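J.: If you scroll down you'll find the structure; I have some questions about it.
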Amino acid sequence: MSVTDKIIAIVAEQAFLEPKDVKPAATLEELGIDSMALVECIFAIEETFDVQVPFNANDPDTQQFDISTIQTIVLAVEGLIAAQKT
Amino acid sequence: MNRVVITGQGTINALGMNVAETLDAMSNGTCGIGPLEFDNVDRLNIKIGGQIKGYAAQDHFNRSEISLYDPFTQFAVIAAQEAITQSGLNFSEEKLADSTGVVLGTAGGGLQTQDQNYRAVYEAGKNRVHPFVVPRLMNNAAASHISMIHGLRGPGFTVASACASSNHAMGQAYHMIRSGMTQVMVTGGSESMLCFGGIKAWEGLRVMSPDGCRPFCGTRNGMVQGEGAAVFVFEEYSHAKTRGANILAEVIGFAMTSDADDIVTPNKRGAASAISRALRDADVSADDVGYINAHGTATTVNDRTECAAIRVALGAAADKVMVSSTKAMHGHLIGGTGGVELLAVIAAIKDGMIAPTINHRTHDPDCDLDVVPNTARQAKVKVAISNAFAFGGLNAVLALKKP
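Right, dumping it as structure tokens:
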């Protein structure tokens, strides 16, 4: 499974959707991910990829970790995985 | 209905080992938050808190007491001793002891005892724990020990409503004296969650600040935990008057509401309704309120919601009321927080000392009230209220005035 597929699976589970209905361009809001589901997604990402996601629910818009769409999350997670390998 | 006054107060928290030290720190805008010191703190992302520094249990208790008292009980017992001493009450009188109870608030109870003993059995693989683990960790341990130490034989129990526990507890104490059920109540709250497991759990929720508690500030980024206790002596007015007690303040109203909405996100309607009902219960108008000790956790959503709720409840009077969150100084004591914050409410009523909201750097248009930024003020206050809005949507507001 690619990073994208794994993240889609995580978000799909929280959004009660089938993975095929979660497109990379979709925003979390469009998928119906609320603040509680969001912190559960972040937790699942950390567990799946064994990374530490810099995320604080108090200012989700102003951080290094871009959660605007599935695609931006994938890029950010790939960045975290790469940073861990160096 | 009986009138209820406060004739004693006691505390131990990050700002001081007693009331005098705490109020001195509040009036100077001292910050009690700093680096946390305990085992495995290096494995936390959040490494700051309002920890009581320079505290050693053996300075206050003997070995057999320590084996029974979790830190949350130790803090409550210390605070209760100060409050009862100040009240001057003598519980060797049989009738008074029968009519005096203890109601305390806590959220985590003996959390440190649980943390240590889980480590022992799971991490260290031990197969045996100390015989007093259960009486040490139970949430009512603090209330029971205060009752035993001082021989208080009236109603005794512990209230758990997360961050509103202390206010709910003091509300029960107030109602009991008001209704005539008891004459005196020892009440307040205590918390001691500053250990690896306690902070790790909070970290998971992603609402903690890594660098400081800045309520109502444009730069705020979350809450910071504290620890400690504050305990008060509530007394029926004529009983206090007859014995010539030093009355600190009068409790004139209390209200509680539930958001019935979300398990963590606060709701403006529930908070506003608790404030309005407390004022109605106290039979005062919004214009009478000079000071509000806010819940003010410094999370983005709490502070914004609380300010909006104050506007709904107070209307035009919201423009002139002073609102501060002392959590920036002592941290969020969770179940004990309403206790420590009542000290600031009493100081406003009694001495006109308005504790500031420290760490305030930039204005947030969503928190457009007089938040008493950074510096304490001197002002006459007729009525003051204390807000507590808990996870789970449980709200509790107390109203006090000069007797």
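These protein sequence lines are chains G and P, in that order. Quick note: to get this note's numbering, add 4 to the position in the first sequence (first position is 1). Quick note: to get this note's numbering, add 47 to the position in the second sequence (first position is 1). Yeah, the Cβ is synthetic: ideal placement off N, Cα and C, and Gly gets one too. Small disclaimer: the values here were computed from a predicted structure and weren't measured.
(1) Go ahead and pull the three-state DSSP assignment for residue 450 of chain P.
(2) Against chain P, with Cβ distances strictly below 8 angstroms, would residue 20 of chain G count as a contact?
(3) In chain C, which residues lie less than 9 angstroms from residue 59 of chain G when you measure between Cβ atoms?
(4) How about residue 91 of chain P and residue 183 of chain P: do their beta carbons lie closer than 8 angstroms?
(5) If residue 296 of chain P and residue 52 of chain P are in contact, beta carbons under 8 angstroms, what's the gap, nearest whole angstrom?
(6) By how many angstroms is the C-alpha of residue 300 of chain P removed from the C-alpha of residue 362 of chain P?
(7) Report the three-state DSSP secondary structure of residue 145 of chain P (helix, strand or coil).
(8) Do you know offhand how far residue 450 of chain P's Cα is from residue 285 of chain P's?
(9) Quick one: list the residues of chain P neighbouring residue 70 of chain G, beta-carbon separation under 7 angstroms, in chain order.
(10) Answer yes or no: the CB of residue 356 of chain P versus the heavy atoms of the ligand MN, is any distance below 7 angstroms?
(11) Note down, in chain order, all residues in the region 258-279 of chain P with a beta-carbon under 8 angstroms from any beta-carbon belonging to chain G.
(12) Secondary structure at residue 232 of chain P, three-state DSSP: helix, strand or coil?
(13) Between which two residues does the alpha helix (DSSP H) containing residue 170 of chain P stretch?
(14) Interface residues of chain G around residue 352 of chain P at Cβ under 7 angstroms?
(15) Please list the terminal residues of the continuous alpha helix (DSSP H) segment that includes residue 120 of chain P.
(16) Quick test of your reading: residue 237 of chain P and residue 189 of chain P, contact by CB under 8 angstroms. State the CB separation rounded to the nearest angstrom.
(17) Pull up the distance between the alpha-carbon of residue 230 of chain P and that of residue 224 of chain P, whole angstroms please.
(18) Please list the segments of the beta strand (DSSP E) lying wholly inside the region 232-306 of chain P, counting only runs of 3 or more residues, in order along the chain.
(19) Does the beta-carbon of residue 93 of chain P have 16 or more other beta-carbons within 10 angstroms, so that it is buried, or is it exposed?
(20) Return the bridge partner residues of residue 404 of chain P from the DSSP annotation.
(21) Please report the residue range of the beta strand (DSSP E) in which residue 370 of chain P lies.
(22) May I ask you to report which of helix, strand or coil DSSP gives residue 349 of chain P?
(23) I'd like the span of the alpha helix (DSSP H) that includes residue 7 of chain G, first residue to last.
(24) With burial defined as no fewer than 16 other Cβ atoms inside 10 Å of the residue's Cβ, what is the status of residue 279 of chain P: buried or exposed?
(25) Contact defined as beta carbons within less than 8 angstroms: I believe residue 416 of chain P pairs with residue 208 of chain P. What is the distance between those atoms, to the nearest angstrom?
(26) If we ignore side chains and look at the alpha-carbon of each, how far apart do residue 88 of chain P and residue 288 of chain P end up?
(27) Using a beta-carbon distance below 8 angstroms, is residue 53 of chain G in contact with chain P?
(28) Using CA atoms only, rank isn't needed, just tell me which of P/421, P/271, P/335 and P/411 is closest to residue 371 of chain P.
(29) Cβ of residue 43 of chain G less than 8 angstroms from any chain P Cβ?
(30) So, using beta-carbon positions, are residue 400 of chain P and residue 72 of chain P closer together than 8 angstroms?
(31) Quick check on DSSP: helix, strand or coil for residue 71 of chain G?
(32) In whole angstroms, what is the alpha-carbon distance linking residue 388 of chain P and residue 56 of chain G?
(33) Which residue marks the beginning of the beta strand (DSSP E) containing residue 41 of chain P, and which one marks its end?
(34) So residue 346 of chain P contacts chain G; which residues on that side make the cut at Cβ distance below 7 angstroms?
(35) Among residues of its own chain, excluding the 5 on either side of residue 391 of chain P, which ones have a beta-carbon nearer than 7 angstroms to its beta-carbon?
(36) Tell me the rounded alpha-carbon separation between residue 173 of chain P and residue 251 of chain P.
T.: So, to answer that:
(1) In the displayed model, residue 450 of chain P falls within coil according to three-state DSSP, outside both helix and strand.
(2) Output row for residue 20 of chain G: interface = no.
(3) Of the protein chains in the structure, G and P, none is chain C.
(4) In this structure, residue 91 of chain P sits away from residue 183 of chain P, with a CB-CB distance that is not shorter than 8 angstroms.
(5) The C-beta distance from residue 296 of chain P to residue 52 of chain P rounds to 7 angstroms, short enough to fall under 8 angstroms.
(6) In this structure, the alpha-carbon of residue 362 of chain P lies about 19 angstroms from that of residue 300 of chain P.
(7) It is helical.
(8) Cα to Cα, the separation comes out at about 12 angstroms.
(9) When 7 angstroms is used as the limit between beta carbons, residue 70 of chain G is near no residue of chain P, the shortest such separation being about 16 angstroms.
(10) For the ligand MN, the structure offers nothing, since it holds no ligand at all.
(11) Cβ contacts with chain G come from 267, 268 and 269.
(12) Residue 232 of chain P carries a strand assignment under DSSP once its states are collapsed to helix, strand and coil.
(13) Bounds of any alpha helix (DSSP H) do not take in residue 170 of chain P, whose DSSP letter is neither H nor E.
(14) Counting only Cβ-Cβ distances below 7 angstroms, residue 352 of chain P has no contacts in chain G at all, with the closest Cβ about 13 angstroms away.
(15) Per DSSP, residue 120 of chain P belongs to the alpha helix (DSSP H) from 118-134.
(16) The C-beta separation of residue 237 of chain P from residue 189 of chain P comes to about 5 angstroms, placing the pair in contact by the 8 angstroms criterion.
(17) Between residue 230 of chain P and residue 224 of chain P, the alpha-carbon positions lie close to 6 angstroms from each other.
(18) Within the region 232-306 of chain P, the runs of beta strand (DSSP E) that reach at least 3 residues and sit entirely inside it are, in chain order, 275-283 and 296-305.
(19) Counting of Cβ neighbours within 10 angstroms places residue 93 of chain P among the buried residues, the total reaching 16 or more.
(20) In DSSP, residue 404 of chain P forms a bridge with P/420.
(21) Where residue 370 of chain P is concerned, the enclosing beta strand (DSSP E) stretches over 369-371.
(22) Helix at residue 349 of chain P.
(23) Residues 7-19.
(24) Buried, since its Cβ has 16 or more Cβ neighbours within 10 Å.
(25) That pair is no contact at about 25 angstroms.
(26) It is roughly 50 angstroms from the alpha-carbon of residue 88 of chain P to the alpha-carbon of residue 288 of chain P.
(27) For residue 53 of chain G, the answer is no, since every Cβ of chain P falls outside 8 angstroms of its Cβ.
(28) For the set P/421, P/271, P/335 and P/411, the Cα lying nearest the Cα of residue 371 of chain P is the one of P/421.
(29) Yes, contact with chain P.
(30) In this structure, residue 72 of chain P does not lie closer than 8 angstroms to residue 400 of chain P by Cβ.
(31) Here residue 71 of chain G sits in coil by DSSP.
(32) Distance between the alpha carbons of residue 388 of chain P and residue 56 of chain G: 35 angstroms.
(33) This structure does not reach residue 41 of chain P, given that chain P is present from 48 up to 450, and the question cannot be answered.
(34) Per Cβ cutoff of 7 angstroms: 62.
(35) For residue 391 of chain P, where only same-chain residues beyond five positions count, the Cβ hits under 7 angstroms are 73, 340, 373 and 402.
(36) Each residue's alpha carbon lies about 28 angstroms from the other.
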